[in-house]
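Asks: Got a structure for you, questions after.
Residue numbers (our numbering): 5 to 127.
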């Protein structure tokens, strides 16, 4: 598969994937910006905005579970590269630095989530 087939372009407010959907792909932002959000009816709670070089969708590519949030393009001409499960496993096995980068991001995201949960519990 050529690299061009792994790249998708999105416009502002285009949904890349929805919370609850299945998917075994991780995405890397090549250009633009992606918002990760929780949706509740017509209400949207932004979790984080990601830019060039950042990635999302790592939980589903690792464990095969449903998407935990919705990913939405939040800038014009947003381009992302899809990395499927097989390619992800290959990268992790061949590039330890890639695996460490994913683990580092997961750890930071979990700590941030824990902090929010703790603050909410203290209120």
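Note that beta-carbon positions come from the ideal geometry of N, C-alpha and C, so glycine has one too.
1) Can you tell me which of the three DSSP states residue 72 falls into?
2) Quick one: give me the first and last residue of the alpha helix (DSSP H) that residue 112 is part of.
3) Apart from the five residues just before and just after residue 72, which ones in its own chain have a Cβ nearer than 7 Å to its Cβ?
4) Just confirm the distance between the C-beta atoms of residue 61 and residue 30, as a whole number of angstroms; I'd bet it's less than 8 Å.
5) Helix, strand or coil: how does DSSP classify residue 83 here?
6) Quick test of your reading: residue 83 and residue 35, contact by CB under 8 Å. State the CB separation rounded to the nearest angstrom.
7) Residue 76 and residue 33: beta carbons closer than 9 Å?
8) Hey, residue 48 and residue 37: beta-carbon distance below 9 Å or not?
9) With residue 51 and residue 40 assumed to form a contact (beta carbons below 8 Å), what rounded beta-carbon distance in angstroms separates them?
10) Please report the residue range of the beta strand (DSSP E) in which residue 39 lies.
Replies: So, from the data block:
1) Here residue 72 sits in coil by DSSP.
2) Run containing residue 112: 100-126, per the alpha helix (DSSP H) assignment.
3) Excluding five sequence positions before and after residue 72, the CB atoms of its chain that fall closer than 7 Å to its own CB belong to 23 and 63, given in chain order.
4) Indeed, because the Cβ distance is near 5 Å, the residues count as touching under 8 Å.
5) Here DSSP, grouped into helix, strand and coil, assigns residue 83 to strand.
6) Contact annotation, residue 83 with residue 35: C-beta distance approximately 4 Å; criterion of less than 8 Å satisfied.
7) No, these two residues do not count as a Cβ contact at 9 Å.
8) For residue 48 and residue 37, no; Cβs fall outside 9 Å.
9) 5 Å between Cβ atoms; contact.
10) Counting along the chain, the unbroken beta strand (DSSP E) around residue 39 starts and ends at 38-44.
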